[in-house]
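One structure is given below, encoded as structure tokens.
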């Protein structure tokens, strides 16, 4: 029996996982490689950061997800590069030979070389970043409760979210509700009118990818929840206690969450392949790498072009690309050629705390409560397991009915056998 | 209006929290001090370590728990000592003046001065330790999956639990089931007959505080689940890959969980008060400190004596002592004297994985499935909030019906703004 072709997939996010699933029952052996042992449901990461959900509710072990596939295995490793000639994916766990390679390493926060941002601002891309933001927010309230100086209290209680895209809008909305609806009950002796949630956006509008009326609806909804929306506000420098804007304006703030810049994973730069905007790897319309038809790039890492522009870094793009590549591999194994990828836009949505969201689904545009119901429905059916769905629903209902956030824990690091503090 | 007497309670565990609650509506101001912002439901910590529950399901924010009290506030701080003359609790947040002081700082793992244990073994007392154990166990399986050398695989897959008390028994049982029922499905290509779960106990029996037939039932139940029970096994030294016993026997193992020694929190030693066994502070029968009637010590930190022996380090002891001290403070404020504390033993129980537990409730002794139902009932009604109860029930039912552990995530540390790895 000749060995079956080996498909190595780097990255167990939405692109890589979807590709592995679409290869179920194909005559190949699939190896998924990721530096985490879990798949993260990123659309709800801001709910970990804002103390609604626990990590176990938005992340699933990769091994559990690939159990039904039978032809797939998993390796926990960091990808360093690719040896295209030897057909090996290079990792800190050694080289992994492949017959077909799917690169799906995703994206990371981009601070545009601003060292002060990298040092002081929190990204919101990874599960541990969500936990770190949660810890920071709760710590700042604890500190403020016992701080005598009023100006210092105001600085401690000012939370700045940079970036007016969906992540920034959702984080700012959730943060405003956390402080006004939930923490106000925990800190009865604290002057909570000092709390500021500021959303900073360099452009003249929020949610640039949405239609103009939805942008406005989102801004009004955020402001009604107490978020200060600052447009045309470009961040120049951040310190431990302030944000300096490009126009010289300064905002005292001791917590900065950065959602304004994203670039492709660093793996892309180590491949020796031509890169497009945001460091994304240029691919053929078939999602193959030029000159290496057995190598595919998908998701945020790929700079697939549609109508002259790169496709946005969105989950539906990654999933559709993953499915397309799986179909291409099946076709090639049957002797057919690769076909071009065509993106079908299912629409976009963003939620602004409880009761409000904006959704743009082709000709349909929803705002407010109706948009929120649509958001709830789409996210609940997409949270990956039935168990998570039940638990997420319990937590959401709890939050909704009792204005309470279940997970307000300041967790210390769970280090690999760290010495206990004395 | 004269200021109300100030009661400072050091520790928001079962003793301190119960005391604060029992002071509800008393004419005092209560300040709870703890180095964590949460109260931990320690009896289920082993379920975090064995990937059944998430931290948010066994820990509740202290501020949420004291909300209904109205006369209580919370401070996140480390207690360093007490200035009995000035009547101040000394913390890293400055001195806190008190009229009445309740010391309830609990206990910690005791490695009996064995540096190799302190370096290589995991304690199981704190929430972050539970997460660290979970990370370690899952990491070892990932490593073993891709390790070629069979002896090395066996070492990676050998998990030793030291200490045959309830914590050790529960951890060993849960670990055996995790590996045999759950991880076996995740690692189909791994020779899982290499997995060893070893429970080491220095005495000649498990569960020394239980009646003899229950000890035997627990041992049989563990062995039927695949746990190797080694009695009269005293640990002399631990390395990264082995355990050396006092009799010269060596067990290759790369994960050691230490539940065999517990001593009072270090705060006890810094007070200048006489200490009893396990570093516990000696108290009068009223739980007062000799010479300082306004200072009380309760819970694991206190060496309250009943019938010549110190009371065990158990939750019911801490809670009853907390209630007693609250009643004493109320009495003293009304001009009455302090009364002696009398412990009412409600019984003890320990669970051994699914379907099996031992319970000793006065004359009633339960084993097996009946004991397990009793354990389930007692723990479920005692998990603190209604929301937790629902979610814990969902997770338990999931585990029970599908032999699945929901929370198999290897989480990296959520450091306070740690630089991202490149």
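Protein chains in written order, with the numbering used here: chain A, 24 to 445; chain B, 24 to 445. Cβ coordinates follow ideal geometry from the N, Cα and C atoms, glycine included. Keep in mind the model is a prediction, meaning the values are calculated, not measured.
Proximal chain B residues relative to residue i, where beta-carbon distance stays under 7 Å
i: residue 450 of chain A; result: The structure shown does not extend to residue 450 of chain A, since chain A is modelled only from 24 to 445, so the question has no answer here.
i: residue 165 of chain A; result: 60 and 99
i: residue 47 of chain A; result: Ordered by position in chain B, no residue passes the 7 Å Cβ test against residue 47 of chain A, which lies about 15 Å from the chain.
i: residue 116 of chain A; result: 169
Other residues of its chain near residue i: CB distance less than 7 Å, five sequence neighbours each side excluded
i: residue 441 of chain A; result: Low confidence applies to residue 441 of chain A: its pLDDT is 43, below 50, so where it sits in the model is not reliable, and the reading given next is rough at best. Here the set comprises nothing.
i: residue 35 of chain A; result: 55, 57, 62 and 85
i: residue 299 of chain B; result: 305, 326 and 333
i: residue 302 of chain A; result: 286, 287, 291 and 292
i: residue 351 of chain B; result: 309, 361 and 362
i: residue 267 of chain B; result: 259, 260 and 273
i: residue 399 of chain B; result: none
i: residue 232 of chain B; result: 335 and 371
Nearest residue (CA-CA) to residue i, options the options
i: residue 360 of chain B; options: B/327, B/96 and B/310; result: B/310
i: residue 389 of chain B; options: B/185, B/237 and B/139; result: B/237
i: residue 89 of chain A; options: B/174, B/190 and B/208; result: B/208
i: residue 197 of chain B; options: B/222, B/37 and B/296; result: B/222
i: residue 289 of chain A; options: A/59, A/345 and A/101; result: A/101
i: residue 184 of chain B; options: B/175, B/177 and B/199; result: B/199
i: residue 342 of chain B; options: B/217, B/37, B/32 and B/26; result: B/37
i: residue 60 of chain B; options: A/392, A/297, A/163 and A/179; result: A/163
i: residue 296 of chain B; options: B/43, B/115 and B/126; result: B/126
i: residue 392 of chain B; options: B/42, B/48 and B/241; result: B/241
i: residue 92 of chain B; options: B/116, B/43, B/171 and B/137; result: B/43
i: residue 28 of chain B; options: B/205, B/97, B/39 and B/46; result: B/46
i: residue 94 of chain B; options: B/128, B/51 and B/340; result: B/51
i: residue 248 of chain A; options: A/204, A/179, A/270 and A/395; result: A/204
i: residue 82 of chain B; options: B/188, B/150 and B/313; result: B/150
i: residue 384 of chain B; options: B/319, B/374, B/206 and B/368; result: B/368
i: residue 263 of chain A; options: A/270, A/278 and A/219; result: A/278
i: residue 137 of chain B; options: B/382, B/217, B/269 and B/294; result: B/269
i: residue 14 of chain A; options: A/65, A/74 and A/373; result: Nothing can be reported for residue 14 of chain A, as the shown portion of chain A is limited to 24 through 445.
i: residue 347 of chain A; options: A/243, A/265, A/319 and A/328; result: A/319
i: residue 294 of chain B; options: B/307, B/324, B/338 and B/117; result: B/324
i: residue 382 of chain B; options: B/349, B/96, B/340 and B/230; result: B/230
i: residue 401 of chain A; options: A/64, A/39 and A/178; result: A/64
Close beta carbons around residue i, own chain, < 8 Å, minus the five adjacent residues each side
i: residue 110 of chain B; result: 120, 121, 122, 124 and 317
i: residue 147 of chain A; result: 68, 69, 72, 132, 153, 156, 190, 194, 280, 281 and 282
i: residue 115 of chain A; result: 100, 101 and 103
i: residue 174 of chain B; result: 275
i: residue 445 of chain A; result: Confidence at residue 445 of chain A is low in this model, with a pLDDT of 33, below 50, so its placement is unreliable and the value that follows should be read with caution. Nothing meets the Cβ criterion.
i: residue 457 of chain A; result: Look at the range of chain A in this structure, 24 to 445, and you will see that residue 457 of chain A is not part of it.
Contact set for residue i: own chain, Cβ-Cβ below 6 Å, skip 5 residues either direction
i: residue 186 of chain B; result: 282 and 283
i: residue 107 of chain A; result: 315
i: residue 443 of chain A; result: A caution first: residue 443 of chain A carries a pLDDT of 39, below 50, which makes its placement in the model unreliable, though a value can still be read off. Excluding positions up to five away in sequence, the list is empty.
i: residue 31 of chain A; result: 54, 112, 119, 121 and 124
i: residue 353 of chain B; result: 49
i: residue 160 of chain A; result: none
i: residue 244 of chain B; result: 375 and 379
Neighbour list for residue i in chain A, Cβ cutoff strictly below 8 Å
i: residue 212 of chain B; result: 96
i: residue 209 of chain B; result: 84, 86, 87 and 90
Near the ligand NAP: residue i beta-carbon under 6 Å from a heavy atom
i: residue 265 of chain A; result: Annotation note on the ligand NAP: not contained in the displayed structure, which lists no ligands.
Query - 3-residue-minimum beta strand (DSSP E) runs that sit fully inside the segment 83-133 of chain A, ordered along the chain - result: Taking only runs of at least 3 residues, the beta strand (DSSP E) segments lying wholly in the segment 83-133 of chain A are 95-99, 102-106, 111-114, 117-120, 123-126 and 130-132.
Query raised in the report: Do three or more CB pairs link the segment 217-231 of chain A to the segment 249-258 of chain A at distances below 8 Å?
Result: Three or more pairs of CB atoms, one per stretch, sit closer than 8 Å, so the segment 217-231 of chain A contacts the segment 249-258 of chain A.
**Report entry** Those runs of the alpha helix (DSSP H) which lie wholly inside the segment 234-295 of chain A and span at least 4 residues
**Finding:** Listed in chain order, they are 235-247.
Query raised in the report: Just checking, does the segment 330-344 of chain B make contact with the segment 136-151 of chain B on the three C-beta pairs under 8 Å criterion?
Result: The answer is no - the segment 136-151 of chain B does not touch the segment 330-344 of chain B, with fewer than three Cβ pairs under 8 Å.
Query - Stretch pair the segment 69-82 of chain A + the segment 167-175 of chain A: three plus CB contacts closer than 8 Å - result: With a cut-off of 8 Å, the segment 167-175 of chain A and the segment 69-82 of chain A do not count as touching, because too few Cβ pairs lie within range.
Query - Start-end ranges of the alpha helix (DSSP H) lying completely within the segment 158-218 of chain B, minimum 4 residues - result: Look at the segment 158-218 of chain B and you find these whole runs of alpha helix (DSSP H), each 4 residues long or longer: 173-179 and 189-200.
Query raised in the report: Any contact of the segment 345-357 of chain A with the segment 378-394 of chain A, i.e. 3+ C-beta pairs under 8 Å?
Result: Output reads no: the segment 378-394 of chain A does not touch the segment 345-357 of chain A.
Query raised in the report: Fully enclosed by the segment 30-89 of chain B, which alpha helix (DSSP H) runs are 4 residues long or longer?
Result: Within the segment 30-89 of chain B, complete alpha helix (DSSP H) segments of at least 4 residues are found at 37-45, 68-72, 78-81 and 85-89, given in chain order.
Query raised in the report: Which runs of the beta strand (DSSP E) spanning at least 3 residues fall entirely within the segment 382-408 of chain B, listed in chain order?
Result: Complete beta strand (DSSP E) runs here, min 3: 387-389.
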